[in-house]
Every structure is written in structure tokens, then in C-alpha cells.
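*Asks:* Residue numbers (my numbering): 3 to 729. The C-beta atom is built at its ideal place from N, Cα and C for all residues, glycine as well.
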């Protein structure tokens, strides 16, 4: 009875006085008072007793009482009995310190002290002693922030303070010294011990429609926006902008390189003809279209489209943030409305709210960029339906799990290609996407010319020029072939064209694995694009535009792409190229544009070799390989075309067969130990030249390398001579 009286007195002090009644919401204050007073149910109406301290009467319906009782029962299974009594008036107005929006805000709580060593704000002194700032930051990130629960942009971090002590154990010392780890609910301030229970607790609040905290004032959505800047363009994003499934304004900072490549490609097209109509089919925050309009200005007419209403609103706000006029077109009939004063810039950006397939079917564009979340194959037919002649279509595919052969069944379903994991899987992914683009363009009686194909860790970017006409479509379709890949030595070659069926297509491989090894040693991959992946002249123009606009991040990649397209080393790279002629006049003449297809066909005469070899995959056990740049010089001196590749930092693109590649690698490799060990690799003598066939030399040396295990046949022959002779 004494405890009940103390509880009533405490609750009376919490809710007494007109000032507190004005600060607390009617819903929150009424519910709290009603829960503490006790009720009697009569004729479907619950009438609360009169509180002596504040003389307040509240009437609550029976349905509200049942909802509150269920919520109280669910929370009572996970909360301690002292949660209701431990609520102070200060806590009702402020959130707990474990609930923060950013990790930096949590670290600022420890910076309040001026001492050199600072304690953790969420751990008692006996659990985590005061330490220096770098160690404290690592502790907050790994222990508290990593296991937090996210809700509405806030993080409910795990707390080790004494606000939720462990129940007494059999040993009194342990019960006194050990405090329980717990979470503080941002909505009802309940303390939950387990993370999974906390997630379920929050989900129950959301299912009941309780998304606003009763103890803190949730800021307006506009105040939660962050403003990021990229390429002199400001964009508003939500706090969870980097998570595609949780936000309508997806913005990935890791795709900055991708956006700069697309910008350079559009800038080159704007130099050829002006003005051009360009479309960003999946705008999200509108960052890409804003960069186009802000830097290329009158040379482009930008249209930013998105099917999500919240994204369209975000795009409009970002346009006004960058002082640009907005031309709204949210209906398929074309009802337009211009908003915004434009400020300093007089450029107008058209913002549409349509499905990407619909807007590409309704209108014609010179430049189209597709960047959906995942694969782009569902939008290729619409993209090539109305794209203008000699226009450019660029697409970014982020379904790398299927393209990189981690989900082979998905690649077969989306792209109709059979693939396996190989050492050149990134270039294989680029050729898969180009093959799908070629088939979509051919259905519209259009051909393509690949200007750029980039495959990095997070995305695959393909940029193609559209060549209208059935003859161009036929020429492009003929470059889709199957690839024969040897799974033993990783040699590869595109299958010869023709309608005749070969009895053993594996004989086309330069290696002899199909004759010396039992069973089937090769697989047919594809169909894939067998043509070139780069246009040297276009890449040089892109590099020039990157220098003009100060895009420092993309310049090293473009230089690597130019060397890869020409199949030359970096020391032969020259900054003077065919792009200088573009700056002699403002724009190209119409006659030069019409002859672009002929000029592009002439450039294909010296296409770069297909695929590349990883120097580590073909290394020899027990030897030290030469430096990569020196090895490139050795291949070049042997008379082969050679270059590095952006697909693999240790990859070598060359027209040398794999046998000559291994011969030169073995020739210039040095033993790991100079003591002349019996099980070391066998080196070729100097009289074996790199340009000669190496089959006899390798057989005499007993060299037959297994790429998976790295064991040379010389070692295998020494240890197991009987098995080798029998084989």
C-alpha cells in the first residue's frame, strides 16, 4: 500500500499544474494519467476517477482501454517493474542520450569534458575506463553504434548504464557489479534488453500507427534533409539516402565516378550538335540532370523523370536549391506548368512523373541514361524505340550478383546467357550487357557502336552510339557469338561464325587440353558481344572534357581506358589526339556527322584484343614474378600488343596466346630460393624464343600448370613418376 501511494504521488507531481498540461499533448497526457488512476467499465463507457492533486476528469472509450491494456501487457514481458516509476519530468521532454542521429553526435557527448582522457557516455566507469579520443571513437562505433536499431533516421544505441540493472543473482557481488545492456525505445521510453525484441517492439508501435514519440518532438521532414555537394551542385537527401529500399531519394556517393563518366560522354555529344535533348529516366534526387544543366547550360535540354511522387518533389526542391526553373509535366497528356523564378540561372529543367517506358515511347531524345535499381533489360526496347540517329544510350547495371556469375540462373533469366566464374568475369559482364543492348536495338532496326564499357566493383556502365538502319542492325547482330572457354588452362576464343555444326568445336582453342585431358575440358559461354569495347577517338574527347571541367577523379580512369583501347602501355600515351580538332570550331558540320559511321568503321580495323590474363593466376609456384610494368615491356619486345586493363589491376590485355604468355612469364621469373632446390620450377633456356611455339619446350620441361592449385607438373613428375608414366 505504501508503494502504491508513492506511485500515485509521483504521477500526480508529473502531471500537476497548467504549464505541464500545456506542454504535453492531450493524447499523451490523458493516456498516462488514465493508466495511473485505474478505471471502472460500465455500459461500454470507462469513467476515470478524479485525481485529487490536479482535479482532472477524462473519459476514454472501451476500445482505447483495450488497446492500452494490450500494449501494457506486451511491454511488461520485456520491461522491468520500475520503468513507470523511474520517469522524471526532464526525461519526458528530452530523449535519452543513447538515441542519436549520427555517430558524431554520440561522440560529442564525450567531448564535453575537457580532460585528455574521456569516458564512454553509455558505459559505467567500472566497465570502460576513460581513454584517448581515437580509442573511444572505435569503442562507440564497434560496441554501441554497430548494434543499434534504426527508426525514422535515429539510432537507438545499446546502453550499459544503470538505468536497467540486472535482477539479483544468487551471488550478491555479481548482482551488484553487473549492469544489463539494453535499448531505450524512442517512442515509449521502454527499456528492452535484446535487439530482436527491440525490433519487434518498434514494429508493434508502427503497426498501431504510433510513429511519433511521446517524449520528444519529432522534427519536420524538411529539417532532417542533408545537403550534399558534388560537382558544384547541391542536392537535398534524406538521412537514409544510401539505402535503396528505405528511401525514395536514393543517392550513392560511391557512384560519383559513374556520374562523371556519363557527364563527359554527354559533353562530347553536346560538342557535336546543339542543342540536344537528354533524359535522366530514373532521377531519384536529380543530381545527374542538375549537373548536366548547370555546366552544359544552353547546349542541353534536360528532362528528369521519376515514377515516385516523393522523388519528384525532391527533384523540384533541388532545382530551386540550384536556382533553376522547373517545368512540371506530371501527366501523360502533357499538361505543363512552370514554377520557380530561376534566380541567377535562366536554365529550365523539365521534371516528369511517368514510368520510364512510357516517356521513352512518347518522346524522342538524343541522349538517354538508364540507371534503375538492378538490371536495365526491361527498359532497352523503349530506349531504342525513339532515340535519334547518332544519339547515345548509356545504361548502368547494378545487378552484379548475376553479371559476375554469383547467381548464374538470374543471368540466364535476364540476359539469356550461360556463364561461369572466370578470371575475366568483369569483361564477361560488360559483354553480356552489350549483347542484350544489341538485340534490343536490332529489334528496332538499329545498330550500335560501343563507345565505352566499364565494369568496376559496384556497377557495369555501357555507353553506345545508335546507328539507324537495318544494315547497321545486321552488322551489329553478327558480332554476337558464343565463347569457348577451357576450364583447365583458362584459354578462351570466340566461336567461328557460320551455320555449319562442328563435330568438336573445342578444337578451335589454341591449347591442347581437349586432346591431352580426358572428358570435356571446355564450356560454351554466351551468347556475348565479340566486338570492341572502346572507341579511342571518343575516349580522347571525354578526357579533354574532363580536363576542361576539372573532373580530377575520372581522369586517371580515362587515361587507362585510352591505353586499353589502343592496346599500348602508359609510356606511349599521348595527350594530343583527335579531340583537338573539335575546339577549332564551335560545332561540327552536318556532313561530318553523317560520315561518323564510316569513320567509326575505319577505327575498328585495329581493335584491341578480347579479354585479358591475370598475371597471378598464371604464376609459377616457387618463383618470383617480374614487376607488371616490366612484364608488359617483355611482351611488347616479343612483338605482341599489350596494355593494362581497368577490369583487373593485375590483368594484362594482349594478343599473345596463353602458351606464349606463360613462356615469357616463366623466362623472366626468378627462383624464390637461390639454393637450387630440387622441387623448384623448371626454367627455359635462352635458346627458346618467345615467338616460337612452346608446346615442345613445355613438354620437355615437364611443365603443365594447374591454375587452381599452382602445382607444376615438374614437381608432380618427380614425386609421382609411376602415375605420370601411366597417364
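#1: With H, G and I counted as helix, E and B as strand and the rest as coil, what does DSSP make of residue 291?
#2: Less than 6 Å between C-beta atoms, sequence neighbours within five positions excluded: which residues of the same chain meet that for residue 467?
#3: Candidates 290, 190, 461 and 134: which alpha carbon is nearest residue 98's?
#4: With a Cβ-Cβ cutoff of 9 Å, do residue 470 and residue 392 count as a contact?
#5: In angstroms, rounded to a whole number, what distance separates the CA positions of residue 253 and residue 259?
#6: Does the distance from the CB of residue 404 to the CB of residue 463 come in under 9 Å?
#7: Any idea if residue 161 is buried or exposed, counting beta-carbon neighbours within 10 angstroms, 16 or more meaning buried?
#8: Which whole-angstrom value describes the C-beta separation of residue 556 and residue 263, a residue pair presumed to lie in contact below a C-beta threshold of 8 Å?
#9: Look at the alpha carbon of residue 238 and the alpha carbon of residue 321, and state the distance between them as a whole number of angstroms.
#10: Cα separation between residue 745 and residue 361?
#11: Considering just the uninterrupted stretch of the alpha helix (DSSP H) at residue 270, what are its terminal residues?
#12: Give me, in chain order, the residues of the same chain whose beta-carbon lies closer than 6 Å to that of residue 540; leave out the 5 immediate sequence neighbours on both sides.
#13: Spatial neighbours of residue 495 within its chain, please: C-beta separation below 8 Å, excluding the five flanking residues on both sides.
#14: Quick check on the burial criterion: 16 or more other C-beta atoms within 10 angstroms. Buried or exposed for residue 448?
#15: Of all the options 119, 441 and 144, which has the alpha carbon lying nearest to the alpha carbon of residue 730?
#16: With a threshold of 9 Å between beta carbons, is residue 639 in contact with chain D?
#17: Expressed to the nearest angstrom, what Euclidean distance is found between the alpha-carbon atoms of residue 727 and residue 517?
#18: Helix, strand or coil, according to DSSP, for residue 237 in the structure here?
#19: Tell me whether residue 298 is buried or exposed, calling it buried when 16 or more other Cβ atoms sit within 10 Å of its Cβ.
#20: Closest by CA to residue 417, which one among 620, 294, 266 and 442?
#21: Is it buried or exposed for residue 644, if we count other Cβ within 10 angstroms and need 16 for buried?
#22: Please state if the CB of residue 455 and the CB of residue 438 are separated by a distance shorter than 9 Å.
#23: Whose C-beta lies closer than 6 Å to the C-beta of residue 657 among residues of the same chain, with five residues either side of it excluded?
#24: Is DSSP giving residue 685 helix, strand or coil here?
#25: With 16 as the cutoff for other CB atoms within 10 Å, does residue 414 come out buried or exposed?
#26: Threshold first: 4 residues or longer. Then list the alpha helix (DSSP H) segments lying entirely within the segment 515 to 563, N to C.
#27: Once DSSP output is grouped into helix, strand and coil, what is the label at residue 202?
#28: When you compare each of 305, 276, 533 and 654 to residue 435 by their alpha carbons, which one comes out closest?
#29: Just how far apart, CA to CA, sit residue 194 and residue 205?
#30: Per DSSP, residue 617 forms a beta bridge with which residues?
#31: So for residue 388, helix, strand or coil by DSSP?
#32: Note the first and the last residue of the continuous alpha helix (DSSP H) segment covering residue 477.
#33: With 16 other CB atoms within 10 Å as the buried threshold, where does residue 664 fall?
#34: Since residue 387 and residue 446 should fall inside the 8 Å C-beta cutoff, what is the C-beta to C-beta distance between them, to a whole number of angstroms?
#35: Have a look at 286, 545 and 550 and flag the residue whose alpha-carbon is nearest the alpha-carbon of residue 562.
*Replies:* The structure says:
#1: When DSSP states are grouped into helix, strand and coil, residue 291 belongs to the helix group.
#2: Here the set comprises 394, 451 and 453.
#3: The option with the nearest alpha carbon to residue 98 is 190.
#4: Yes.
#5: Rounded to the nearest angstrom, the two C-alpha atoms are 13 Å apart.
#6: Not in contact: residue 404 and residue 463 (Cβ atoms no closer than 9 Å).
#7: The residue is buried, with at least 16 neighbouring Cβ atoms inside 10 Å.
#8: About 6 Å; that satisfies the 8 Å criterion.
#9: Distance between the alpha carbons of residue 238 and residue 321 is about 10 Å.
#10: The structure shown does not extend to residue 745, since the chain is modelled only from 3 through 729, so no value can be given for it.
#11: Per DSSP, the unbroken alpha helix (DSSP H) holding residue 270 starts and ends at 258 to 274.
#12: Correct list, in chain order: 453.
#13: Here residue 495 has 485, 486, 510, 511 and 512 as same chain residues with Cβ atoms under 8 Å from its own Cβ, once five neighbours each way along the sequence are excluded.
#14: Buried.
#15: Outside the shown range of the chain, which is 3 to 729, sits residue 730, and nothing can be said about it.
#16: Annotation note: the requested chain D is absent from the structure, which comprises a single protein chain.
#17: With a pLDDT of 35 at residue 727, under the threshold of 50, the modelled position of this residue cannot be trusted, and the question is left open.
#18: Looking at residue 237 - three-state DSSP - the assignment turns out to be strand.
#19: So residue 298 ends up on the buried side.
#20: Answer by Cα proximity: 442.
#21: Buried, by the Cβ-count rule.
#22: With respect to the 9 Å criterion, residue 438 and residue 455 are not classified as neighbours on the basis of their beta carbons.
#23: The answer, listed in chain order, is 611, 642 and 643.
#24: Residue placement at residue 685 is poorly supported in this model, since its pLDDT is 44, which falls under 50; the coordinates still yield a value, given next. Residue state, collapsed to three classes: coil.
#25: With fewer than 16 other Cβ atoms inside 10 Å of its own Cβ, residue 414 counts as exposed.
#26: Considered as a whole, the segment 515 to 563 harbours 515 to 518 and 538 to 550 as its complete alpha helix (DSSP H) runs of no fewer than 4 residues, in chain order.
#27: In this structure, residue 202 counts as helix in the three-state DSSP scheme.
#28: Looking at the Cα atoms, 533 is the closest of the given residues.
#29: Cα to Cα, residue 194 sits roughly 13 Å from residue 205.
#30: Under DSSP, residue 617 shares a beta bridge with no residue.
#31: Looking at residue 388 - three-state DSSP - the assignment turns out to be coil, as it is neither helix nor strand.
#32: Secondary structure note for residue 477: its alpha helix (DSSP H) is the uninterrupted segment 472 to 479.
#33: Around the beta-carbon of residue 664, 16 or more other beta-carbon atoms lie within 10 Å, marking it buried.
#34: Right, the Cβ-Cβ distance comes to about 6 Å (below 8 Å), so this counts as a contact.
#35: Nearest of 286, 545 and 550 to residue 562, Cα basis: 545.
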